[in-house]
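Structure record follows, encoded as structure tokens.
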Amino acid sequence: MIIKNGNTIHLQGRDISYIMHITDEGDLLNLHFGRKLEDFDYSSMTDEWREGLGFATNAFPLDVYPQEYPAYGYTDLREPAYRITNKYGDSVSRARFVKCEIHEGAMGTADMPCLFGKEARTLEITLQDDISELEIRLYYVVFDEYNIIARHAVIVNKSDADAELTCAYSASVDLPMGDYKMVHFAGTWGREREMFSTPLPQGLNVEAENARGGSGHQVNPFAMIADAGADETHGNVYAFSLIYSGNHSTAAKVDQFGILRVRQGINPRGFSWTLKPNDSFCTPQSVICFSQNGYGDISREYHKLYVNHLMRSKWARKDRPVLINNWEGTYFDFTEEKLLNIARKAAEAGIELFVLDDGWFGSRNDDKSSLGDWFVNKNKLPSGIDGLAKKVNTLGLKFGLWIEPEMISPNSDLYRAHPGWAVKTARREPVEIRNQLILDLSRSDVCDYVINTISKMLSEANIEYIKWDMNRQMTDMPYEGFNHAYTLGLYKVMSTITQSFPNVLFEGCSAGGGRFDPGILAYMPQIWASDNSDAVARLKIQYSTSMCYPVSSISAHVTASPNHQCGRITTLETRAGAAYAGAFGYELDITKMTDTEFEEVKRQVEFVKNIRSFIRTGDLYRLQNPYESNYCGWEVVSEDKSRAFVFTCKILAVAQSKNPWLKLFGLDEKARYRSVETGEIYGGDMLMYRGIRINYDMRDFAARVIVFEKI
Ligand code: GLA
């Protein structure tokens with residue numbers, strides 16, 4: 011709901027309000043973001059910010075007010091939302107209110123992924139700076155049934171000469187004085203999205219940012235600002251999620267009066283964009299969310315929103331096939347016969363999709379060559395991709411394929427033909443990472459080439475799944491702002507291909523979980539969460555990934571033990587247990603399993619087919635925090651509360667330890683539930699308010715999976 015009352019503009023979601031006020035001078039203030047207020051008219055209130063500040067004059071009026079989209083260099087000397095050098099060479103700006111309009115439906119960003127939905131409404135506010143000759147349009151998408159506001163801005167150069175944009179955040183929010191912390195998600199390859207919590211003292215700019223070319227292993231474009239004492243179920247939490255896959259920043263700073271400014275958008279580090287006369291620049295969308303009840307509530311809000319209003323693939327709302335991927339099973343060392351043996355055994359276990367990973371094209375037998383040469387290596391696969399897909403289909407499995415379309419190996423026919431297509435500067439030899447360079451997707455001819463090549467590949471064989479990888483960071487960018495131009499090209503390529511092949515299930519990947527962000531999810535409903543497939547390492551990775559991203563989007567595989575990334579030995583039960591609440595699959599050589607293991611795989615596949623629908627559509631509750639305890643647990647409750655899936659792992663064995671009671675959430679307190687495994691019956695209230703004691707096997711990494719059904 012969007013209400014304009016005099017000079018007050020009030021956006022309402024299900025339980026939230028977002029309130030702005032236009033001053034007599036035309037400056038746009040940010041008055042409230044938080045719990046829903048029924049009625050609010052600031053025009054009738056006295057000025058809250060002028061009192062007691064000791065200003066004898068009007069010296070710095072904007073500096074003391076909460077700003078909606080703060081400008082640079084005028085009387086608000088805090089961090090700006092945008093900075094533009096005008097035709098006169100200065101960057102001072104003050105954009106004032108001109109008009110606002112309300113539109114039906116979700117208005118999105120140009121050429122970038124964004125929320126969709128006819129049932130939404132969009133507020134468009136136009137501001138103008140007469141001296142710098144700038145127009146700024148602010149957009150706010152609101153859904154009556156969600157607690158989110160999606161913001162983006164469009165900046166237009168109305169002057170008759172070039173202007174240079176060096177900072178353009180999507181959203182800026184000034185929060186009242188309080189004791190806050192920032193929760194952000196940082197890591198590296200194999201340790202993606204670990205959860206960190208940092209207090210926000212006055213004067214420090216705390217910034218979760220990445221400028222490595224993609225959204226990155228190192229910092230995710232999602233962060234929460236919360237009461238210092240907030241946790242999974244308690245406290246005020248303001249969350250910021252950026253629908254963007256390039257360099258990003260979420261920054262928070264407490265000012266001299268205790269007001270906290272939070273900004274989210276494209277990273278200003280390494281960013282610059284020339285606006286010719288009448289050119290406009292559109293920022294990506296920042297989806298902000300509020301809850302009074304801790305992180306869990308925030309997660310469930312994003313999960314539903316992203317499945318229903320961001321992810322465009324029909325697969326977002328369909329059960330995913332149980333897959334087997336050959337990567338950790340064979341790496342580059344495979345023949346058609348070896349692959350078909352794996353597929354045959356997988357079919358016997360009830361697995362539904364066979365995925366051929368890296369090494370099938372050009373002359374690629376290691377990672378040193380052939381990216382860009384997307385034609386099959388007939389020495390390895392004499393029947394070609396089409397022939398192999400047919401044989402796999404005959405076994406009763408769908409066929410899927412790995413590609414890395416944004417890349418080019420210097421040792422490839424493509425590079426020999428088009429050395430100028432790689433990202434590089436004019437005078438420096440470009441840096442190879444994993445022996446590869448990046449294709450310059452800021453060029454439309456290169457985008458067209460990628461679109462045509464991948465489209466041809468998908469048309470020539472029955473490929474029903476694509477794993478779209480991206481295995482390096484970006485160096486040698488030819489100019490400031492290149493990363494954004496690349497990201498726009500990437501989105502053009504991804505949207506064209508995914509729209510042309512709507513039946514194909516696309517999975518995103520970037521050296522594991524290096525590009526796990528809402529921008530990719532808009533096109534690809536699942537993303538490989540990490541190359542670290544160790545079940546115990548995955549506890550933390552998946553626990554914190556689920557803070558923003560739906561469990562159905564978190565691709566999780568059962569791999570061999572000892573684990574290939576960290577050598578840990580775990581049972582098949584623990585490995586599958588950790589992967590069930592995700593896009594589930596296997597990644598090992600199933601032909602090498604013992605009969606007992608194989609029988610267990612069969613049971614697991616049957617089990618996952620039974621629960622996957624409600625896991626995909628249900629509500630996630632995180633039960634035990636692996637960052638703070640020796641346990642990790644989560645629960646998914648079906649939408650109608652009739653079934654619940656519980657996973658819990660006791661990480662290290664402890665002699666004589668007493669395990670904590672596990673209290674569930676989200677059940678029907680008046681109903682009774684039966685444990686499918688033991689047949690024991692419990693009241694919903696008892697499971698939630700008293701809890702149950704879990705017995706774990708006496709060993710490290712002992713996990714339990716329990717399904718409760720309402721009777
Ligand atoms: C990346 C992916 C892996 C695998 C390899 C293949 O590292 O994350 O899953 O596909 O590439 O080279």
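Quick note on numbering: the sequence shown equals residues 11 to 721 in this note's numbering.
In this text, a Cβ means the ideal position worked out from N, Cα and C, and glycines have one as well.
All figures in this text were calculated on a predicted structure; none of them were measured in a lab.
Distance, Asn669 Cα to Asp678 Cα = For the purposes of this step, residue 678 is taken as the residue at position 668 of the sequence shown. For the purposes of this step, residue 669 is taken as the residue at position 659 of the sequence shown. Approximately 25 Å between the Cα atoms of the pair.
Tell me whether Cys457 sits in a helix, a strand or coil according to DSSP, three-state version.
-> Locating residue 457 in the sequence shown gives position 447, counting from the first residue. In the structure shown, Cys457 sits in a helix (DSSP, three-state: H, G or I).
Express the C-alpha separation of Asn167 and Val216 in angstroms, rounding to a whole number.
-> To locate residue 216, count along the sequence shown from 1; it is residue 206. To locate residue 167, count along the sequence shown from 1; it is residue 157. If you take the alpha carbons of Val216 and Asn167, they lie about 31 Å apart.
Around the C-beta of Val611, are 16 or more other C-beta atoms found within 10 angstroms, so that it is buried, or is it exposed?
-> Indexing the sequence shown from 1 puts residue 611 at position 601. Answer is buried; the Cβ neighbour count reaches 16.
Same chain, Cβ closer than 6 Å to Phe267, neighbours up to 5 away in sequence not counted = The residue given as residue 267 occupies position 257 in the sequence shown. Within the same chain, Phe267 has no close Cβ partners at all.
Take every Cβ of the region 505-520, pair it with every Cβ of the region 465-485, and state whether three or more of those distances are shorter than 8 Å.
-> yes
Cα-Cα separation, Thr56 to Ser182 | Sequence index remark: in the sequence shown, residue 56 carries index 46 (1-based). Sequence index remark: in the sequence shown, residue 182 carries index 172 (1-based). Rounded to the nearest angstrom, the two C-alpha atoms are 24 Å apart.
Where does Gly643 land, buried or exposed, given buried means 16+ other C-beta within 10 angstroms?
-> Numbered from its first residue, the sequence shown carries residue 643 at position 633. Result: buried.
Report, in whole angstroms, the separation of the C-beta atoms of Ile661 and Asn640, which I expect to be a contact under 8 Å.
-> Mapped onto the sequence shown, residue 661 falls at position 651. Mapped onto the sequence shown, residue 640 falls at position 630. The Cβ separation is near 5 Å, so the contact holds.
Near Val503, which residues of its chain fall below 6 Å by C-beta distance, leaving aside the five closest residues on each side in sequence?
-> Within the sequence shown, residue 503 is the residue found at index 493, counting from 1. Cys457, Val460 and Ile461, listed in sequence order.
Outcome for Cys124 when other beta-carbon atoms lying within 10 angstroms are tallied against a minimum of 16 = Locating residue 124 in the sequence shown gives position 114, counting from the first residue. Classification of Cys124: buried, given that the 10 Å Cβ count is 16 or more.
Does the beta-carbon of Gln228 have 16 or more other beta-carbons within 10 angstroms, so that it is buried, or is it exposed?
-> Residue numbering aside, residue 228 sits at position 218 when the sequence shown is read from its first letter. Its Cβ being crowded by 16 or more others within 10 Å, Gln228 is buried.
Excluding five sequence neighbours on each side, which residues of the same chain lie with their C-beta closer than 7 Å to the C-beta of Ala66?
-> Here residue 66 refers to the residue found at position 56 of the sequence shown. Because Ala66 sits at a pLDDT of 48, beneath the cut-off of 50, its placement in the model cannot be relied upon, and the following sentence gives the value as read from the coordinates. Result list for Ala66: empty, nothing under 7 Å.
Simplified DSSP assignment, three categories, for Gly587 | The residue labelled residue 587 in the question sits at position 577 within the sequence shown. In this structure, Gly587 counts as helix in the three-state DSSP scheme.
Please look up how many angstroms separate the CB atoms of Leu630 and Tyr316, rounded, as I've assumed it's under 8 Å.
-> For the purposes of this step, residue 630 is identified with residue 620 of the sequence shown, where counting begins at 1. For the purposes of this step, residue 316 is identified with residue 306 of the sequence shown, where counting begins at 1. Leu630 to Tyr316, Cβ: 13 Å. No contact.
Beta-carbon separation of Gln483 and Arg222 under 7 Å?
-> As a working note, residue 483 is residue 473 in the sequence shown. As a working note, residue 222 is residue 212 in the sequence shown. Going by C-beta atoms, Gln483 is nearer than 7 Å to Arg222.
Note the first and the last residue of the continuous alpha helix (DSSP H) segment covering Gly499.
-> Numbered from its first residue, the sequence shown carries residue 499 at position 489. From DSSP, the alpha helix (DSSP H) with Gly499 extends over Phe492 to Ser510.
Between the region 330-342 and the region 290-305, do three or more beta carbon pairs fall short of 8 Å?
-> no
Can you give me the Cβ contacts of Asn40 inside the same chain, cut-off strictly under 7 Å, excluding the 5 residues immediately before and after it?
-> Residue 40 sits at position 30 when you count from the first residue of the sequence shown. Met30, Pro76, Gln77, Glu78, Val183 and Asp184, listed in sequence order.
Can you have a look at Trp671 and say buried or exposed, based on whether 16 or more other CB atoms are within 10 angstroms of its CB?
-> Within the sequence shown, residue 671 is the residue found at index 661, counting from 1. That one is exposed.
Please list, in chain order, all residues of the same chain as Trp431 whose beta carbon is under 7 Å from its beta carbon, the five residues on each side excluded.
-> Counting from 1 along the sequence shown, the entry for residue 431 is found at position 421. The answer, listed in chain order, is Ile418, Leu449, Asp450 and Val456.
Taking the CB atoms as reference points, tell me whether Glu416 and Met487 lie closer together than 7 Å.
-> Translated into positions along the sequence shown, residue 416 becomes position 406. Translated into positions along the sequence shown, residue 487 becomes position 477. Cβ atoms of Glu416 and Met487: not closer than 7 Å.
Over what stretch of residues does the alpha helix (DSSP H) that includes Ser623 continue unbroken?
-> For this step, residue 623 is matched to residue 613 along the sequence shown. First-last of the alpha helix (DSSP H) with Ser623: Asp605 to Thr627.
Examine the ligand SAH and report whether any of its heavy atoms sits within less than 6 Å of the Cβ of Asn375.
-> Annotation note on the ligand SAH: not contained in the displayed structure, which lists the ligand GLA as its ligands.
If you check the beta carbons only, do Ile235 and Val272 fall under 7 Å apart?
-> Here the question's residue 235 lines up with position 225 in the sequence shown. Here the question's residue 272 lines up with position 262 in the sequence shown. Result yes, Cβ atoms of Ile235 and Val272 sit closer than 7 Å.
Excluding sequence positions up to five away, which residues of its chain have a Cβ less than 7 Å from the Cβ of Ala356?
-> Within the sequence shown, numbered from 1, the residue matching residue 356 stands at position 346. Same-chain partners within the cutoff: Ile334, Phe364, Leu407 and Ile600.
Would you mind working out which of His313, Ala91, Lys46 and Val164 sits nearest Ala592, comparing C-alpha positions?
-> The residue given as residue 592 occupies position 582 in the sequence shown. First, the amino acid is wrong: residue 592 is Gly here, not Ala. Gly592 has its Cα closest to that of His313, out of His313, Ala91, Lys46 and Val164.
For Phe43, which residues of its own chain have a beta-carbon under 8 Å away from its beta-carbon, when the five flanking residues on both sides are left out?
-> For this step, residue 43 is matched to residue 33 along the sequence shown. Ile26, Ser27, Tyr28, Ile29, Ile159, Val183, Leu185, Tyr248, Ile298 and Phe300, listed in sequence order.
May I ask you to check if the CB of Gly522 is nearer than 6 Å to at least one heavy atom of the ligand GLA?
-> Taking the first residue of the sequence shown as 1, we reach residue 522 at position 512. Yes, the ligand GLA has a heavy atom inside 6 Å of this Cβ.
Looking only at DSSP bridge pairs, what is Tyr692 linked to?
-> Counted from its first residue, the sequence shown places residue 692 at position 682. BP columns for Tyr692 point to Tyr683.
Taking 6 Å as the cut-off, does the CB of Asp8 come closer than this to any heavy atom belonging to the ligand GLA?
-> Any answer about residue 8 is impossible in this case: the structure gives the chain only from 11 up to 721.
To the nearest angstrom, how far is it from the Cα of Leu674 to the Cα of Arg682?
-> Locating residue 674 in the sequence shown gives position 664, counting from the first residue. Locating residue 682 in the sequence shown gives position 672, counting from the first residue. About 13 Å.
Could you give the C-beta distance for Arg374 and Asn389, rounded to a whole number, given that I count them as a contact under 8 Å?
-> As a position in the sequence shown, residue 374 is number 364, starting the count at 1. As a position in the sequence shown, residue 389 is number 379, starting the count at 1. The pair is not a contact, with the Cβ atoms about 11 Å apart (cut-off 8 Å).
Cβ of Asn481 within 6 Å of any heavy atom in the ligand GLA?
-> In the sequence shown, residue 481 corresponds to position 471, counting from 1. Yes, the beta carbon of Asn481 sits closer than 6 Å to at least one heavy atom of the ligand GLA.
With C-beta atoms as the reference, is Ser255 less than 7 Å away from Gly224?
-> On the sequence shown, position 245 is the one that residue 255 refers to. On the sequence shown, position 214 is the one that residue 224 refers to. Yes.
Three-state class that DSSP yields for Glu114 in the structure shown = Position 104 of the sequence shown, counting from 1, holds the residue named residue 114. Strand at Glu114.
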